[in-house]
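Residue numbers (numbering that gives the first Met the number 0), protein chains in the order written: chain S, 0 to 188; chain D, 0 to 288.
We put the beta carbon where it would ideally sit given N, CA and C, even for glycine.
Just so it is clear, the structure is predicted and the values come from calculations on it, not from any experiment.
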Amino acid sequence: MNADVLKGGFANAPVDAAHAFRAAMNVMARPGTIETLEGAVPPAPMSTAAGTLILTLCDPDTPLHLAGDWDCQEVRDWIAFHIGAPIVGASHAMFAVGDWDALAPLNRFAIGTPEYPDRSATLIVEREALATKGATLRGPGIKETAEMALPEAEAFQMNALLFPLGLDFFFTCGDQVSALPRTTKVEAA
Amino acid sequence: MSDYNFAYLDEQTKRMIRRAILKGLAIPGYQVPFASREMPMPYGWGTGGVQVSAATLTPDDTLKVIDQGADDTTNAVSIRKFFEKTAGVATTEETAQASVIQTRHRIPEEALREDQILVYQVPIPEPLRFLEPSEVETRKMHSLEEYGLMHVKLYEDISKHGAIATSYAYPVKVEGRYVMDPSPIPKFDNPKMEMAAIQLFGAGREQRIYALPPYCQVVSLDFEDFPFEASKADHPCDMCGAEDSYLDEVIMDDAGNRMFVCSDTDYCASRRAAGHVGAQAAALEETAA
Chain S
0 MNADVLKGGF ANAPVDAAHA FRAAMNVMAR PGTIETLEGA VPPAPMSTAA
50 GTLILTLCDP DTPLHLAGDW DCQEVRDWIA FHIGAPIVGA SHAMFAVGDW
100 DALAPLNRFA IGTPEYPDRS ATLIVEREAL ATKGATLRGP GIKETAEMAL
150 PEAEAFQMNA LLFPLGLDFF FTCGDQVSAL PRTTKVEAA
Chain D
0 MSDYNFAYLD EQTKRMIRRA ILKGLAIPGY QVPFASREMP MPYGWGTGGV
50 QVSAATLTPD DTLKVIDQGA DDTTNAVSIR KFFEKTAGVA TTEETAQASV
100 IQTRHRIPEE ALREDQILVY QVPIPEPLRF LEPSEVETRK MHSLEEYGLM
150 HVKLYEDISK HGAIATSYAY PVKVEGRYVM DPSPIPKFDN PKMEMAAIQL
200 FGAGREQRIY ALPPYCQVVS LDFEDFPFEA SKADHPCDMC GAEDSYLDEV
250 IMDDAGNRMF VCSDTDYCAS RRAAGHVGAQ AAALEETAA
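Right, here's the structure in full:
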């Protein structure tokens, strides 16, 4: 076994996780904002922000899906040691990590049920860059409008139509994180 | 600091609560079930709010706790001490200084900022519960957006009393979808819920968490001919003279004398410190001296 998998967890779990959750909550409550998320050092290709996010939110109770290049032995070993989340197929996942192309098609993921719309997947989309310029956003958490660079607009428009069902998204790059809940109305730039 | 994990709860419990908070923010007004833990205080003393606060606090936060607007009541003092002991966070009584505010049944008078979080203690999170006792049924009513019963209840208020008599826990509709119980805040506070701060609601005994992101649309239910009215006692505060704050009525003796004072103690104290004087302030200070 590679000893590197033992490294890269939180140095001070309760405090690091508290700061990380605050950043994650702020971006989910305010689509279009970007915050710093750090503390974990996951193996490549997973970003610091994505690793910190799953370390903060996932545990043996949360089935996790790894998409595309993110499904590699190093990442699996790191998750097995630090998080213990079962690695599952897309349809059973509560959380999923990967880039936009690897996560598609989105209709594989759980969108919740009319009685329990919270039983839906949260997708962590790894990006090349995050930016507050691009598609126009409207909805809860946004005073008038906000802007965010998105991989595409249509998928998020279709997702918003499912409300109150639907998927929620985090976008990560390096140690940066932003988010897009299902309530946000997206208008292509 | 202490032998407790930071903010009392174990990390797995906090992760479970944090996941519920995120889904709550993504589906504003929807009650997310969560596995509420036993806390070292009885149900009804804010166990839900305490668990949400524990999952939200960081060591850098400054916590304020209010009970019916007051910082110095038993419930507020004991919860503030609880977090001083288990999380080692700074505490304050000043609304502007706080980054996290846990509240029972009031929203502070001072407008909250984007960098603040308001955590409500909720006794009964289900707005339809007193109309329909079955959880299976109310869950179905929410899923079908079947809220006619709530309008019938408000209509019955009008037919019995001539006006909508519901004065606290006044139901609201969030983003045109979910009808939500704003917790037993006076309806005077309802219009403040469209605010810049994140609002989190925790119901410990009932095991529900729900949330409102900032600037979320929150509409108090009403009728065209009986519009919603954010009412308060028609009187200025007798201590600080404020005409815009929610007032408590205090019975002074058995001869029918009474006075009205701000329920938000920090708001009243800061106004008095700024030189505002109410009608009975001078007389009371004389008695105290």
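Query                                                                                                                            : Result
Where D:R204 sits in the DSSP three-state scheme                                                                                 : coil
Boundaries (first-last residue) of the alpha helix (DSSP H) holding S:D68                                                        : Premise fails: S:D68 is in no alpha helix (DSSP H) and is neither H nor E.
Terminal residues of the beta strand (DSSP E) in which D:Q120 lies                                                               : I116 to Q120
Contacts around S:A95, its chain only, beta-carbon distance under 8 Å, and the 5 residues preceding and following it disregarded : L63, H64, L65, A66, A89, L102, F108, A120, T121, L122 and I123
Anticipated Cβ contact below 8 Å, S:E37 with S:D174, distance rounded                                                            : 4 Å
Reduced DSSP secondary structure (H/G/I, E/B, other) of S:R119                                                                   : Reading off the sequence shown, one finds Ser at residue 119 of chain S, where the question assumed Arg. S:S119: strand per DSSP, three-state reduction.
Nearest to D:R207 (by Cα), restricted to the options D:D9, D:Y167, D:D247 and D:R18                                              : D:R18
Limits of the alpha helix (DSSP H) - the one that D:G87 falls within                                                             : It is not in any alpha helix (DSSP H) - D:G87 carries neither H nor E in the DSSP assignment.
Among D:F5, D:D60 and D:Y29, the one whose alpha carbon lies nearest that of D:R176                                              : D:Y29
Three-state class that DSSP yields for D:E136 in the structure shown                                                             : helix
Run of the alpha helix (DSSP H) containing D:R271, from where it starts to where it stops                                        : T264 to A272
Within-9 Å CB hit, S:M24 to chain D                                                                                              : yes
Cβ contact (3+ pairs, closer than 8 Å) linking the region 148-161 of chain D and the region 229-242 of chain D                   : no
Nearest neighbour of D:Q120, chosen from D:Q198, D:G147, D:A272 and D:L56 [CA to CA]                                             : D:Q198
Within chain D, the residues that S:V14 reaches when beta carbons sit closer than 9 Å                                            : F5, T57 and P58
From D:P183, D:D60, D:A202 and D:A272, residue whose alpha carbon lies closest to that of D:G23                                  : D:A202
Nearest to S:P113 (by Cα), restricted to the options D:K152, D:A282, D:E145 and D:H160                                           : D:E145
Local Cβ density within 10 Å of D:D114, reported as buried at 16 or more and exposed below that                                  : exposed
is_contact[S:F20, chain D] using C-beta, thresh 9 Å                                                                              : yes
Positions along the region 119-149 of chain D whose CB lies within less than 8 Å of some CB in chain S                           : R138, K139, H141, S142 and L143
Members of the region 41-59 of chain S that neighbour chain D once the beta carbon cut-off is set at 8 Å                         : T55, L56, C57 and D58
Proximal residues of chain S, C-beta to C-beta of D:Q11 below 7 Å                                                                : D58
Assigned exposure category for S:K132 - 16 Cβ within 10 Å defines buried                                                         : exposed
7 Å CB neighbourhood of D:D71 in its chain, flanking five on each side removed                                                   : T264
Beta carbon proximity, S:K184 to chain C, threshold 9 Å                                                                          : Looking at the structure shown, chain C is missing, and the protein chains on hand are S and D.
Contact set between D:V49 and chain S, taken where Cβ atoms lie within less than 8 Å                                             : By Cβ distance, chain S contributes nothing, its closest Cβ being about 15 Å from D:V49, past 8 Å.
Classification of S:D167 by the beta-carbon crowding that lies within 10 angstroms, buried from 16 upward                        : buried
Which of helix, strand or coil DSSP assigns to D:M149                                                                            : helix
Neighbourhood of D:P170 by C-beta distance below 6 Å, restricted to the same chain and skipping five residues each side          : P126, M149, V178 and L220
Test: D:Y177 CB closer than 9 Å to a CB of chain S                                                                               : yes
Straight-line gap, D:A281 to D:A241 (C-alpha atoms, nearest Å)                                                                   : 15 Å
Cβ distance (whole Å) where D:S230 is taken to contact D:E108 below 8 Å                                                          : Actually they are not in contact, since the Cβ atoms of D:S230 and D:E108 sit about 16 Å apart, beyond 8 Å.
Alpha helix (DSSP H) runs wholly inside the region 8-79 of chain S, at least 4 long, in chain order                              : 12-28 and 47-56
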